[in-house]
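Undergrad: Have a look at the structure that comes next, please.
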Amino acid sequence: MTPVQAVIAKELRIYFVSPIVYVVGAVFLLIFGLLSYLYVGFAGAQAIQLMQMQGGPAQINLNDLVFRNLFASMRIVLLIILPILTMRLFAEERKLRTFEFLLTSPLRINDIVIGKFISVLVIYVGLVGLTTLVPTVLMLFSDFDWNPIWTGYLGMVLLGALFLSVGLFASAVTENQIVAAFVSFGMLLTIWLISGLGSLFGDTPAGRVISYVSYMEHYDRLVRGLIDTSDLVYFGSGLVLMLFLTHRVVESTRWK
Amino acid sequence: MIDVHNITKRYGHHTAIDRVTFSVAKGEVLAFLGPNGAGKTTTMRILTCFMPATEGTARVAGFDCTDHPLEVKRQIGYLPETPPVYQELTVTEYLTFVGQLRGITGPALTSALDKSIGRLELGTVRHRLIGNLSRGYRQRVGLAQALLHDPPVLILDEPTVGLDPKQIIEIRELIKSLAGSHSVILSTHILPEATAVCQRVVIINKGRIVAEDTPEQLSARLRQSEKVSLMLKSRPADCESKLQAIPGVLQVLPGQGGGTFLIECELGRDLRDELARVAVMNQWGLLELRTVSMTLEDVFLQLTRHEDHSAEATETTVSMAPSEKTDA
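In order, the protein sequences belong to chains A and B.
Just add 105 to wherever you are in the first sequence, counting from 1, and you've got my numbering.
Just add 15 to wherever you are in the second sequence, counting from 1, and you've got my numbering.
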């Protein structure tokens, strides 16, 4: 077992012994289920309206009416929930003085950062995996295109991974978990609002650059069913940048 | 095994340790003694590569702490001030994790685990969550962690804090048994502990080494007179002057009880025989007569006080809370 694997195993063990995963998981799944129910309900109401107007059976697009809305709404849910999942990663180690133990063990800071990130990513992907129950059940009663749903899920995993890396960074800068959660929440919200700033500038080079920095347009394209390499590059580089910054912050604590 | 040369650590304008130099031979047990905030923990953190020194070099088992931190970390078992335990893990899970970080796997891990658990008598709690264990058990789990991979160098920051007197004796015996095969540095402000387990003592105060020697030599070196305690049944009026008249007696200090005296004599002279003769001849009722040796505590206070006076005359001297002077 490599040190990274040992760190992952330890983190997962702690997540599942403490109530965090169960609480966060329950809330996440509840909200996903509730939103699905609401959007399916709206779609149903629209179908009935359409039927009355046309006087015959109506075709409605579940991809547009349910899944696109559902994935778009998940942005805000992830923004609120994921900082709770990541806040303990470094802050708790610092508070309980196990941080010193990790840094005096024969493993690299990279091993610690990557091990912690992978452990929380595994939990998140597991939770997202459970939500595929919703399209699976809907498939029994209706007909829709699975491809945009897969890209939507890809978007949710990439967006979540980016959020988790921001949360990991925030957790490394403080030993207070509440502060860590709040810092990552603030950072994510700021990056979100940057997209609004971008649209203020309109379709100018500056506007395009500012919009590119925000995750909004990249996520939206994936939710609409478009896989663009520039979006994948955006998520990949954002992730690497945050992990790198986390590494620097952890390293810098040794110099203080 | 451990070579520290002129290391200095500054936090901004505050100098935590100032040009500290010492070395530990293979198999030697060294005590790091000093009041709180003297720089003990900082020195240990530099040796364990937790933080780099501002200046100077530290080498462990031939590896430089700045250039080869991973090699240094492999040679060291470290118990920080607070036992570094995860409350959500059981004792076995935690020690398994520690072993995996150290690259121990399979049957080697199982045997290392059993040995470590046996040594620290953790068998009865091995499947319990560390969060539910008492302070003493957590401290022992922390020690088990440091000993798990049988490292050649052990760095223990106040290893007996939080233990009950019986456990303190056991841990001291354990540390003594490690001498010879392991190099050990332990920090403490409990002076009898240093006398009990260490071959050499480094006294550090305000970031500077003020003395370094064996406990016996340190007290011998600082002794300026022989001291004898004398207890008489009563306190005759003329006894002080008669005692003072004995050749070789420097000073007679009346003690707290009715007939007790502390008599300072010239260095190198044993006047007990003479004192006894005078007391018996005058029929004072001699009850007790013994030499008073200087404890490490006196040495320590004398050294740190001297430092303080020379450094900052206004600052009060280092005092040790009575509760910290636990002697087992």
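Glycine included, each C-beta is placed from N, C-alpha and C at the ideal position.
Since the structure is predicted, the reported quantities are computational estimates derived from the model, not experimental observations.
Starting from P269/B, follow the beta strand (DSSP E) in both directions and report where the run begins and ends.
TA: Taken as a continuous stretch (DSSP letters only), the beta strand (DSSP E) holding P269/B covers V264 to P269.
Undergrad: When you compare each of E136/B, E43/B and P98/B to T229/B by their alpha carbons, which one comes out closest?
TA: Ranking the options by Cα distance to T229/B, first place goes to E43/B.
Undergrad: If we ignore side chains and look at the alpha-carbon of each, how far apart do T306/B and L171/B end up?
TA: Roughly 35 Å between the two C-alpha positions.
Undergrad: Can you say whether L178/B is buried or exposed, counting buried as having 16 or more other CB atoms within 10 angstroms of its CB?
TA: Label assigned to L178/B: buried.
Undergrad: Are the Cβ atoms of L247/B and G270/B separated by less than 8 Å?
TA: In this structure, G270/B does not lie closer than 8 Å to L247/B by Cβ.
Undergrad: Cα separation between I299/A and E322/A?
TA: Those two C-alpha atoms are separated by around 11 Å.
Undergrad: For a quick check, are the C-beta atoms of T191/A and S276/A less than 8 Å apart?
TA: Yes. Within cutoff.
Undergrad: Under 8 Å between beta-carbons, which chain A residues line up against E103/B? List them in chain order, please.
TA: Correct list: R118, I119, V122 and S123.
Undergrad: Would you mind sorting N147/B into buried or exposed? The rule is 16 or more other CB atoms within 10 Å of its CB.
TA: Exposed, because fewer than 16 other Cβ atoms sit within 10 Å of the Cβ of N147/B.
Undergrad: As a quick exercise: from G222/B, E173/B, K55/B and Q102/B, pick the residue whose alpha carbon is nearest that of H29/B.
TA: Of the candidates G222/B, E173/B, K55/B and Q102/B, the one whose C-alpha sits nearest the C-alpha of H29/B is G222/B.
Undergrad: Comparing the C-beta of P200/A with each C-beta of chain B, is any distance below 8 Å?
TA: It is worth fixing the name first, because residue 200/A is Lys in this sequence and not Pro. K200/A does not count as touching chain B.
Undergrad: Assuming the contact rule is C-beta atoms closer than 8 Å, D285/B and E241/B should be a hit. Round their C-beta distance to whole Å, please.
TA: Their Cβ separation, rounded to whole angstroms, is 7 Å, which keeps D285/B and E241/B in contact under 8 Å.
Undergrad: Is V182/A near T351/A, with beta carbons less than 8 Å apart?
TA: For V182/A and T351/A, no; Cβs fall outside 8 Å.
Undergrad: Check whether the Cβ atoms of V19/B and F37/B lie closer than 8 Å to each other.
TA: For V19/B and F37/B, yes; Cβs fall inside 8 Å.
Undergrad: Could you tell me if S357/A is buried or exposed, where buried requires 16 or more neighbouring beta carbons within 10 angstroms of its beta carbon?
TA: Exposed is the call here.
Undergrad: Within 10 angstroms of the Cβ of M261/A, are there 16 or more other Cβ atoms? Answer buried if so, exposed if not.
TA: That one is buried.
Undergrad: I'd like the span of the beta strand (DSSP E) that includes Y26/B, first residue to last.
TA: Where Y26/B is concerned, the enclosing beta strand (DSSP E) stretches over I17 to Y26.
Undergrad: On a CA-only basis, which of G330/A, V354/A, R329/A and Y324/A is nearest G341/A? Give me that one, please.
TA: Comparing Cα-Cα distances from G341/A to each of G330/A, V354/A, R329/A and Y324/A, the minimum goes to Y324/A.
Undergrad: Check whether the Cβ atoms of A226/B and I218/B lie closer than 8 Å to each other.
TA: Yes, the Cβ-Cβ distance between A226/B and I218/B is below 8 Å.
Undergrad: Beta-carbon within less than 7 Å of I186/A's beta-carbon, same chain only, minus the 5 sequence neighbours each way: which residues are those?
TA: V129, V132 and F133, listed in sequence order.
Undergrad: Mind listing, in chain order, the continuous beta strand (DSSP E) runs of no fewer than 3 residues lying wholly within the stretch 141-224 of chain B?
TA: Qualifying beta strand (DSSP E) stretches, in chain order: 168-172, 198-203 and 215-220.
Undergrad: Taking E108/B as the query, report the chain A residues whose CB atoms sit under 7 Å from its CB, ordered along the chain.
TA: The answer, in chain order, is R118.
Undergrad: Round the Cβ separation of Y109/B and V156/B to the nearest angstrom and send it over; I've been treating them as touching at under 8 Å.
TA: At roughly 7 Å, the Cβ-Cβ gap stays under 8 Å, so Y109/B and V156/B are in contact.
Undergrad: Within 10 angstroms of its Cβ, does F172/A collect 16 or more other Cβ (buried), or is it exposed?
TA: By the neighbour-count rule (16 or more Cβ atoms within 10 Å), F172/A is buried.
Undergrad: Quick check on K221/A - is its C-beta less than 8 Å from some C-beta in chain B?
TA: Closer than 8 Å: no.
Undergrad: From L184/A to L267/A, what does the alpha carbon distance come to, in whole angstroms?
TA: Those two C-alpha atoms are separated by around 11 Å.
Undergrad: So what's V359/B in DSSP terms, helix, strand or just coil?
TA: The question about residue 359/B has no answer, for chain B in this structure spans 16 to 343.
Undergrad: Considering Y127/A, what are the terminal residues of the alpha helix (DSSP H) in which it resides?
TA: Per DSSP, Y127/A belongs to the alpha helix (DSSP H) from I125 to Q159.
Undergrad: In terms of residues, what are the limits of the alpha helix (DSSP H) holding F246/A?
TA: Looking at the DSSP string, the run of the alpha helix (DSSP H) that includes F246/A is L238 to F246.
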